[in-house]
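Have a look at the structure below, then the notes.
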Amino acid sequence: MNLLITNGRVLDPSQNLDDARDVLVENGSIARIEKNIISNGVEVLDAAGGVIAPGLIDIHVHLRTPGQEYKEDTRSGTAAAARGGVTTVCAMPNTQPPIDRRSVVEDILGRARSEGNGVRVLPIASVSMDARNEQLSEMAELKACGAVAVSDDAFPMQDAGFMRRAFQYAKTCGLVTMLHCEELSLTGGGHAGVGKGGGVMNEGRVSLEMGLRGMPRLAEEIAVFMACTIARAVGNRIHILHTTTAGAVEQIRRAKNDGVKVTAEVCPHHFALTDEACRGYNTDAKMNPPLRLEEDVAALIEGLKDGTIDAIATDHAPHAAHEKEREFDLAPFGIVGLETMLPLSIKYLVEPGHLSLSQVIEKMTAAPARVLGLPGGTLREGAPADIVIFQPDEKWTLCAADLASKSRNTPFDGHEMIGRVQATIVDGKVIYSRRANRV
Amino acid sequence: MKLRRKHILGLQKMGADEINLVLDTAANFKEVLSRPIRKVPALRGKMVCTLFFEPSTRTRASFEMAAKILSADTNSLTVAASSVTKGETLKDTVLTMQAMGVDCFVIRHPHSGAPEAATKWVRGSVLNAGDGCHEHPTQGLLDLLTIREHKGEIAGLNVTIIGDLMHSRVARSGLWGLLKLGARVTLCGPHTLLPPEFAAHPITLQSDCDAAVEGADVVMTLRLQNERMDGVYLPGVREFARLYGMNEQRLSRAAPDAIVMHPGPINRGVEISDDLADSPRSVILEQVTNGIAVRMALLYLLLGGGEN
Amino acid sequence: MADTKKSKSKLQSSGGKRLPDERPAGVLLDEADIARALKRVAHEIVERNRGVANVVVIGIPRRGVPLAERIAAHLRTIESADVPTGALDVALYRDDYGTRQAAPHPSTIAFNITDKIVVLVDDVLFTGRTVRAALNALSDLGRPAQVQLAALVDRGHRELPIRADFVGKNAPTARDEEVRVLLRETDGEDAVRIKRN
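Protein chains in written order, with the working numbering: chain A, 1 to 439; chain B, 1001 to 1308; chain C, 2001 to 2197.
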């Protein structure tokens, strides 16, 4: 599979490269990155002034398969990834059944091979059996058959004793533990509290005026503190999922300074929106953790700038229309994100001048690869040719109905986006091309 | 002047001019209530559907009476709150009623925002009869009407609202209405039920009841929901009555002509003492009468209201 | 109550004051004309009913109400007897509600109308629909012995089989003309103007 990509600006933060170059792909790997490559007999892809970057890696995706294929299946989820320039997705374990045994890992990998549109799908295993945080999962076997990390996403560990043992065992197996940090006694149950009187949005002036139960920022900060404190004692590697509050950013900053092996991510919606987006009982602005305040957005951006927050990930969480079209209290948490990660990051981080384009690309390529110890996220010679080509300045309007995902639950419908994916390539094979409009 | 809206979801979104229009109209409707034949043909042929997802006898009776005095037809559907999480969705329920031909939905729902959600699916008007902890606009309006009847002018009045401010939709609607009409509002309750975020508005927050009542022209007591009395927010009824119960002695700190209000049903001896509830300073039964006038005014303004 | 849709909205928007763009067009009745007309109507009422023994005068808001008061004052002077007056709100009985949204006024009738001779008073008699609404409203209040209708101006164009018993001024008009009654009590001056649109 040979391919020559011309007329582009190669942006690869992993090797501090930002220059007009051509990229030659041979046998699915990066062969050469040079100016004016002449190579006869290969297929030529004209990048037309676009940016050529490593394919994006999204370490926080809910593919909903197995069990909830009406929300998303492997085919639609990976199609959304390809459209968003994402070449690797890490699939979260809160499926039905959860990813807590070999058969589920193999099922996911098998579906990815047959229906995955060429996108790399890497399962993340559940920390515990049935995601109940009572019995540890067989992490060594799960890793051996393909799981790249363990997580308690959506079912946060509450018990410090169990968390310590989970950290110790994950360390034994050489796995990063990815944590959903939420003190449930303060939020009223989180995901499990939906329809049972739990909090449904940020606790603050907006929740008060809307008469909705809030989820205090305190709940995230206490949980981050507990996780970092235990990780310091155990010495394992942890990753804080979807950081949202100023206090949490500060906890992570301090823990990093103290030598705790902690990394953190932020989701684009958390720096693009505030809890004001929930007004009008907009269930497409309902997610957990919830949209916070302006001051939190500022702290998240500061965290991205100073490296406290390592990566950007989507928490892509599709839900069917009938699940979202209902009372705010009863709608499930979550929004889709794969197709908006890059343009939202450019619009809210690069455009206002908070981060350079190179920094933002690093947060979606080399950084997430580093967080989970994955290959990829680079255009070094010899690396697999996972590439995204995009027009960084192109403005366009998101139309939810046109999403490749099965679900349409995005608060950005009708919003202007900046930056548009032109082509997505995995192993040197074009898996999405906007011109051909195919996935 | 016309009402500029198709739906009544809450007082926070209404302007002072709209609130005054409703109050003026309601004041005129009170005369209809005293006629020998308490029926006028204004809304003949209009269908009002009361859709209650939460038990309520008083508000529903008041709405149905208001609709019937105006000659509207009414039908009603009570949906057990327990079946809301299973069974038919809110959307399907309102679409079903819509298909039967409804001009105005009166919706009471345990979840905040349900009436607003319904506006996306129906062609008719939606009138919020109380949603979760959000708003109870007709209660807010009838409280304003009652205050106006006693005090003439709402601007400049000192109004103290006492009780469970965190969960009370009555408090929220009253609060927004009072602020728009220029009253000075003090909210009073234990810190477990007095969210500090209220301070984002020009309001005084006070956990000491005696201080909160000092000089008040109007004291609005709120109903304490029994389900909040399980020791989570408050140790119990006795302690609440001790700290926040309204009685003659405590009321003596208020203005000499202060009135006491309560949305009902009253827990006598808890929110308000027995003798005070029956005293001339209590306007609780006038509130009930004004409720019908306010609901007539809203139905009249929404259903007659022009070109929609 | 003015009886054209146009005049109603104009009156609302101009707050009852003279419109700046109004030309010195035809004045149908001036202050003295109105006074004379009302006095004559009062005499006709006395004549028709052979006194005022059982007569009550009820005005239709807004301008029918002060006219009713004025007529009743004449009746009292002429007959040296008490004549009760009241205001009858018809907004809730209208058949064109929704296109004009008239605000309801409280009815103030502090006496029983059953077996009384009710003289209904309105400013302009036009289509007859206001009077129809008034008759329905009256029937909900009691059963009068008779209902008679007095109007300051009858401008024609009836849409219902209704006629006035007492008319201050018959004024043939075109349908699109606007007849505006101004009264001291509501508008600060007495005049009836006609305006071609």
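Glycine included, every Cβ here is placed at the ideal spot set by N, Cα and C.
Residue range Glu416 to Val426 is occupied by the beta strand (DSSP E) that includes Thr424(A). Put simply, the CB of Ala1216(B) is far from chain A, with every gap to its CB atoms at 8 Å or more.
The C-alpha of Ile1266(B) lies about 57 Å from the C-alpha of Thr74(A). Here the alpha carbon of Gly307(A) sits roughly 33 Å from the alpha carbon of Glu141(A).
Segment contact: the stretch 368-384 of chain A against the stretch 307-327 of chain A, three or more CB-CB distances shorter than 8 Å; contact assigned.
The Cβ atoms of Val1170(B) and Gln1206(B) do not sit closer than 8 Å to each other. Listed in chain order, the alpha helix (DSSP H) elements of length 4 or more contained wholly in the stretch 223-295 of chain A are 246-257 and 268-272.
Per DSSP, the unbroken alpha helix (DSSP H) holding Asn1028(B) starts and ends at Ala1016 to Leu1033.
Distances from the alpha-carbon of His62(A) to those of Tyr70(A), Ala53(A), Gly50(A) and Ala91(A) put Ala91(A) closest.
In the three-state DSSP reduction, Thr2114(C) falls in the coil class, being neither helix nor strand.
Look at Trp396(A) here: in three-state DSSP terms it is strand.
The way I'd put it, the stretch 373-391 of chain A doesn't touch the stretch 408-418 of chain A; fewer than three beta-carbon pairs between them come closer than 8 Å. In the DSSP secondary-structure assignment, Asp1210(B) is not bridged to any residue. Boundaries of the beta strand (DSSP E) around Ala2087(C): Thr2085 to Ala2087. At a cut-off of 8 Å between beta-carbon atoms, Leu2120(C) makes no contact with chain B. Taking a contact to require three or more Cβ pairs closer than 8 Å, the stretch 255-271 of chain A and the stretch 288-300 of chain A qualify as touching. With at least 16 other beta carbons inside 10 angstroms of its own, Thr65(A) counts as buried. Here Ala160(A) is exposed: its Cβ has fewer than 16 other Cβ atoms, across all protein chains shown, within 10 Å. It is roughly 25 Å from the alpha-carbon of Asp153(A) to the alpha-carbon of Ile361(A).
In the DSSP assignment, Val51(A) falls within the beta strand (DSSP E) that extends over Val51 to Pro54. Taking a beta-carbon distance threshold of 8 Å, Met129(A) does not count as an interface residue toward chain B.
Within the model, the alpha-carbon separation for Pro1137(B) versus Leu1009(B) is close to 7 Å. Assigned with DSSP and collapsed to three states, Asp58(A) falls in strand.
Taken through DSSP and simplified to helix, strand or coil, Arg1281(B) comes out as coil.
Put simply, the backbone Cα of Asp2176(C) is about 23 Å away from that of Asp2190(C).
Taking the C-beta atoms as reference points, Leu1251(B) is found no nearer than 8 Å to Val1294(B). One finds nothing in chain B with a Cβ atom closer than 7 Å to the Cβ of Ser2080(C); even the nearest lies about 32 Å away.
Residue-level contact by beta carbon fails for Glu1054(B) and chain A, as no gap is shorter than 8 Å. Put simply, the backbone Cα of Arg1038(B) is about 23 Å away from that of Val2065(C). Under the 8 Å criterion on CB atoms, Ala2087(C) is classed as non-interfacial with respect to chain B. Within the stretch 295-329 of chain A, the residues whose Cβ lies closer than 9 Å to any Cβ of chain B are, in chain order, His322, Glu325, Arg326, Glu327, Phe328 and Asp329. Between the C-alpha atoms of Ile1162(B) and Arg2063(C) there is a straight-line separation of about 47 Å. Counting every other CB atom within 10 Å of its CB across the protein chains shown gives Asn94(A) a total of 16 or more, marking it as buried.
When only Cα atoms are considered, Val2192(C) and Pro1036(B) end up about 37 Å apart.
By the C-beta criterion, the stretch 2087-2098 of chain C is judged not to be in contact with the stretch 2042-2049 of chain C, since fewer than 3 inter-stretch pairs fall below 8 Å. Put simply, the backbone Cα of Leu208(A) is about 10 Å away from that of Leu1165(B).
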